[in-house]
Amino acid sequence: MDALILTLMLFISILINVSSFDDAFVDLLSVGIIRGNFGPPEDPSPEKPTSSAIPDIGVFVANWQEEDVLGRMVEGNLARIPISSVKLYLGVYPNDTGTLAVAEAMAAQYPDRVRVIVNSMEGPTSKGQMLNEMFRQVYARPGAPEMAVLHDSEDIIDPRTFGVYTAYAREGYDFIQVPVFSLNSIKRSKVAATYMDEFAERHTREMVVRHAVGAMIPSAGVGTCMTRRLLEHFVRERGFVLANGCVTEDYILGVEAKRAGFRSAFAAVSADELRGLDFVATREYFPKSFSASVKQKTRWVYGINFEATHKLGWGGDFWDKYFFMRDRKGAITNFLPPISLVFWVLLAFEVVDIEQMPLDLVPIFQVSIFLNMLALGLRYLMRVICCRDVYGINDFIGVAVRWPVSLTVNMLAVWRAWKTYVGESEYATKPIVWSKTEHELPDDLMSARR
């Protein structure tokens, strides 16, 4: 039995190394990429976008039971966005009376900047259905905006993003995603702070590489801009923009945009090119409770690993297939660290005798474990660097403390997603409706930058 357990331990160690080599490959590619080199030839001035340079842009905010935050979100963001050509479209359900009342109050307070779109169906349906209804109503009227930007009711919108969208659109891009980062949550909770590390790493490294190699750019659900040309194409070809009845309709949208022949961009623009700080990005608070985080990530994992795989398959060029693999490998790799930890506990308490490992496997085991440790150190260092790039702090201790929390949340989310996939949860047995987490805004939206 000891020999079998040790052989399984070696197998898990090798799988960890395969995944780590994949991560290191992306790290290596990212090292050689200077963010500004992959934008338009004439980058926008992100600090001071002028109203005359920005076309009509609609910010589409789909809502379900957001009466507690919607008013402050609208007031705070409009105070931050001194661009008259940018308007907010608030989608609400007729039976969501609390949110509807707040939305109508905002429209009365800002008659030139806010429009209310009432869904023809009672809620909740799904976020995709709500956005499709909003697009249908808005673009059926004269004077519809030239670009549509997706946001949620907890977002802190960077006014400089509109200059970035405009510059990329003028260079022929129809689908533009800006980085999304968590607001500094170190003092909120360890769970909320894990999003700082994860989004900083993904949106300053992996997404930049995707853009550089021409891979598909998935939408993050917020900070996503689409030109009118792209929207009208989807409506003309299939009658809707986002897939209905999905939990990650935004991810699917980004892939479908490239497959339809439209140029996509991940616009990682920094206002401090020398140090790489002060990204033009969308910022928000993420869940701070353990259960809420697991619930949210279960939805993400299920949507990307199972739902999107079923709907999208593996089609595309080499880079699309490669990044599909990276997006989907978490359904397996998120189990590896805790399983490995169990094996090490068995060794530490001498439940398993290391001497029982077959002699011909010992050198392989030693090399594999060494590579595991090396990969662990590299991943830790990259997280510290990415966190510094976004937040301007060298949080060596914080990253180390948050990492086990992140691993635990991700493992449980994957476990729940697998249960969903095999039909043992409500996601698999009930129609997909709006599954949302509680939203929170900072006390001072005007000063919220990181």
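Going by my numbering, 27 is the number at position 2 of the sequence shown; the sequence numbering is gapless. All residues carry an ideal CB built from backbone N, CA and C; glycine is no exception.
Taking C-beta separations shorter than 6 Å and ignoring five residues to either side along the sequence, the partners of R408 in its chain run D222, E226, V424, following chain order. By the Cβ-count criterion, R308 is buried, with 16 or more other Cβ atoms from all chains shown falling within 10 Å of its own Cβ. Using a Cβ distance threshold of 9 Å, L115 and A126 do not count as a contacting pair. Taking a cut-off of 8 Å on C-beta distances, the region 79–92 touches the region 149–157, as three or more cross pairs fall below it. Its chain contains R353, A356 as the residues whose beta carbon lies nearer than 6 Å to that of N330, once the 5 sequence neighbours on both sides are disregarded; these appear in chain order.
Annotated three-state conformation of G264 is coil, per DSSP. Linking S109 to A78 through their CA atoms gives a straight-line distance of about 11 Å. Note on the region 110–138: whole alpha helix (DSSP H) runs with a minimum of 4 residues are 122–134, in chain order. S295 has F304 as its beta-bridge partners, per DSSP.
Annotated three-state conformation of L208 is coil, per DSSP. Distance from A438 to V319 at the Cβ level is roughly 5 Å; contact confirmed, criterion being Cβ atoms closer than 8 Å. A check of alpha carbon separations from S145 across V139, P167, V117 identifies V117 as the nearest. Spatial neighbours of G246 in its own chain (CB-CB distance under 6 Å, excluding positions within 5 residues in sequence) are listed in chain order as D275.
For F349, the enclosing alpha helix (DSSP H) stretches over residues 343–353. As DSSP reads the structure, V143 sits in a beta bridge with V117. A Cβ-Cβ separation of about 12 Å leaves E465 out of contact with Y220 under the 8 Å criterion. With respect to the 9 Å criterion, V434 and F315 are classified as neighbours on the basis of their beta carbons. Taking all protein chains in view, the Cβ of K322 is crowded by 16 or more other Cβ atoms within 10 Å, so the residue is classified as buried.
Closest option to L432, judged by alpha-carbon separation, among L401, T445, F348, I418: L401.
Per DSSP, reduced to three states, the secondary structure at E171 is coil, with no helix or strand assignment. For M251, the enclosing beta strand (DSSP E) covers residues 249–252. When secondary structure is reduced to three states using DSSP, S318 falls in the helix class.
Contact annotation, V305 with V189: C-beta distance approximately 5 Å; criterion of less than 8 Å satisfied.
With respect to R105, P170 sits apart: the two C-beta atoms are not nearer than 9 Å. Taking the Cα of A293 as reference, the smallest distance to any Cα among N397, N42, R230, T124 is reached at R230. In the DSSP annotation of this structure, A78 is not part of any alpha helix (DSSP H), being labelled neither H nor E. In this structure, DSSP gives V377 a state outside helix and strand, which the three-state scheme calls coil. Per DSSP, the continuous alpha helix (DSSP H) segment holding I37 begins and ends at 27–56.
Out of P388, E281, T191, the CA that lies nearest to the CA of E262 is found in E281. DSSP places S289 within a strand segment (E or B) once states are collapsed to three.
Between the alpha carbons of R441 and P363 lies a gap of roughly 16 Å.
Its Cα nearest to that of L175, the residue V203 stands out among D93, V203, A194. Between the C-alpha atoms of Q162 and V143 there is a straight-line separation of about 9 Å.
Straight across, the Cα-Cα distance linking R413 with L337 is about 35 Å.
Taken through DSSP and simplified to helix, strand or coil, E179 comes out as coil. The beta carbons of S393 and S38 sit about 4 Å from each other, so the pair counts as a contact at 8 Å.
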